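Engineer:
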Amino acid sequence: MEHISIPSALKTGIAPSPQDAPAIRWGILGAGWISSTFANAVTQRTASTIAAVASRDVTKAQGFIDEHLGSAAQESRAYGSYEELVADDSLDAIYVGTPHSHHREHALLAIKAGKHVLVEKAFTRNVAEAREVLDAAREAGVFVMEAMWTRFLPHIAQVRHIIESGVLGDIVTVIADHGQAFEFDAEHRLYNPDLAGGALLDLGVYPVAFAHDVLGLPQEIIARGVLTQTQVDGQISMVFSYGDNSQASLNTTLWAQTPTTATIAGTKGRIEIDGAFYAPTSFRHITYSRSVASYERDDVLGLEFEAAEVARCISDGKTESPRMPWQATLDIMSMMDDIRAQAGVVYPGE
Numbered sequence: 000m001e002h003i004s005i006p007s008a009l010k011t012g013i014a015p016s017p018q019d020a021p022a023i024r025w026g027i028l029g030a031g032w033i034s035s036t037f038a039n040a041v042t043q044r045t046a047s048t049i050a051a052v053a054s055r056d057v058t059k060a061q062g063f064i065d066e067h068l069g070s071a072a073q074e075s076r077a078y079g080s081y082e083e084l085v086a087d088d089s090l091d092a093i094y095v096g097t098p099h100s101h102h103r104e105h106a107l108l109a110i111k112a113g114k115h116v117l118v119e120k121a122f123t124r125n126v127a128e129a130r131e132v133l134d135a136a137r138e139a140g141v142f143v144m145e146a147m148w149t150r151f152l153p154h155i156a157q158v159r160h161i162i163e164s165g166v167l168g169d170i171v172t173v174i175a176d177h178g179q180a181f182e183f184d185a186e187h188r189l190y191n192p193d194l195a196g197g198a199l200l201d202l203g204v205y206p207v208a209f210a211h212d213v214l215g216l217p218q219e220i221i222a223r224g225v226l227t228q229t230q231v232d233g234q235i236s237m238v239f240s241y242g243d244n245s246q247a248s249l250n251t252t253l254w255a256q257t258p259t260t261a262t263i264a265g266t267k268g269r270i271e272i273d274g275a276f277y278a279p280t281s282f283r284h285i286t287y288s289r290s291v292a293s294y295e296r297d298d299v300l301g302l303e304f305e306a307a308e309v310a311r312c313i314s315d316g317k318t319e320s321p322r323m324p325w326q327a328t329l330d331i332m333s334m335m336d337d338i339r340a341q342a343g344v345v346y347p348g349e
């Protein structure tokens, strides 16, 4: 088997440098782990700044600033309510990093204040809530995007380039998984139905969104799930059918650490993406003449690419990203509604 490197021309400029994006002033709503990851990426790898952070506890917000913003901490404000944060006229965009159960409420809060918004995935609990948020954004004329960071990463840009070149032929099979091992705790957000817990919305959204990125909206979904003691999904296996020879085979679980890899197989070749496929990683393009082109992981954090996309879109006067448009979010939320229905998961208040 011949091993070759992807040509340097293919590796250059596929994903725009986050450092080249316009500088904007971010407000972070929610001071949890994912918000800290976002803050680190913005401050270390973009020209933008974190100008304010809000938590229900102002002490927690200030502690977040002190821990994650370094020398810029003195220039950032801590708020003890989300209402105060979105009312800050100095902010250009709000990052919503709260649990899924509160994304609708907090996104609408920011939109009502006239702010552009980046909402963590999964965007909302269900497609009805997603439509409500996007309708509000359309009426207000503000930018909104789901924080599906995978779509903006350099290795995925390379994968898209290969697919669009046609060298894989017709795509026949997409395989992806995302499983992490979490001990049962009824109060943990992943097991708590009040916080829209379960494997699908937190972990399974990645393989679902990946299949959608490659193959689009399926004609049929077959899903089988197993519920936890708290009646959220502990594991779901899914098959998407696209009406021709194309299928996607996906799995997500809270109970085991899976390889978190992905494969795209076509009639002329395949792409094998290493774990974690949804984060910065490496992959191989294998042709059926047995040549292998290897792509090595870039020296990136990851979330800086989605942050840069938001800054570029706002600067250009766009209300949605062409790479992660509103329709893609509606499609993915609709798919997950179907999957949850088949698994028997209903959240309080739905």
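The sequence shown begins at 0 in numbering that gives the first Met the number 0 and counts up by one. Positions of the beta carbon are idealized from the N, C-alpha and C atoms, including for glycine. Fair warning: this is a prediction, and the values are worked out from it, not measured in the lab.
1. Alpha carbon to alpha carbon, how far is M237 from S314?
2. Would you mind listing the alpha helix (DSSP H) stretches within the segment 147–199 that are 4+ residues and don't spill past its ends, in chain order?
3. Would a C-beta distance cut-off of 7 Å place Y81 and A53 closer than the cut-off?
4. Could you say if the segment 267–286 and the segment 106–117 meet the contact criterion of at least three C-beta pairs nearer than 8 Å?
5. Measuring only the C-alpha atoms, how far is D297 from H154?
6. From A292 to S164, what does the alpha carbon distance come to, in whole angstroms?
7. Ignoring anything shorter than 3 residues, give me the beta strand (DSSP E) runs that lie fully in the segment 256–281, in order along the chain.
8. Among A264, T257, L226 and Q326, whose alpha-carbon lies nearest the alpha-carbon of Q246?
9. My assumption, with CB atoms under 8 Å, is that S34 sits in contact with G79. Please give the rounded CB distance.
10. Should M332 go down as buried or exposed, given a rule of 16 or more other Cβ atoms within 10 Å for buried?
11. Run through the segment 86–128 for me and flag every whole alpha helix (DSSP H) of 4 or more residues, listed as ranges in chain order.
12. Around the C-beta of K267, are 16 or more other C-beta atoms found within 10 angstroms, so that it is buried, or is it exposed?
13. According to DSSP, what are the bridge partners of V225?
14. From this set, G196, E66 and A146, which residue's C-alpha is nearest A357's C-alpha?
15. Sorted by chain position, which residues of the same chain lie with C-beta nearer than 8 Å to H211's C-beta, five sequence neighbours on each side aside?
16. Nearest-angstrom Cα distance between G242 and I220?
17. Taking the Cβ atom as the reference point for each residue, do L302 and A40 lie within a distance shorter than 7 Å?
18. Quick check on DSSP: helix, strand or coil for S293?
Structural biologist: In terms of the structure at hand:
1. 39 Å
2. 153–164
3. yes
4. no
5. 8 Å
6. 15 Å
7. 261–265 and 268–272
8. A264
9. The pair is not a contact, with the Cβ atoms about 16 Å apart (cut-off 8 Å).
10. buried
11. 102–111
12. exposed
13. Q234
14. For the chain, the structure presents residues 0 to 349; residue 357 sits outside this window and is missing.
15. A327, D330, I331 and M334
16. 11 Å
17. yes
18. strand
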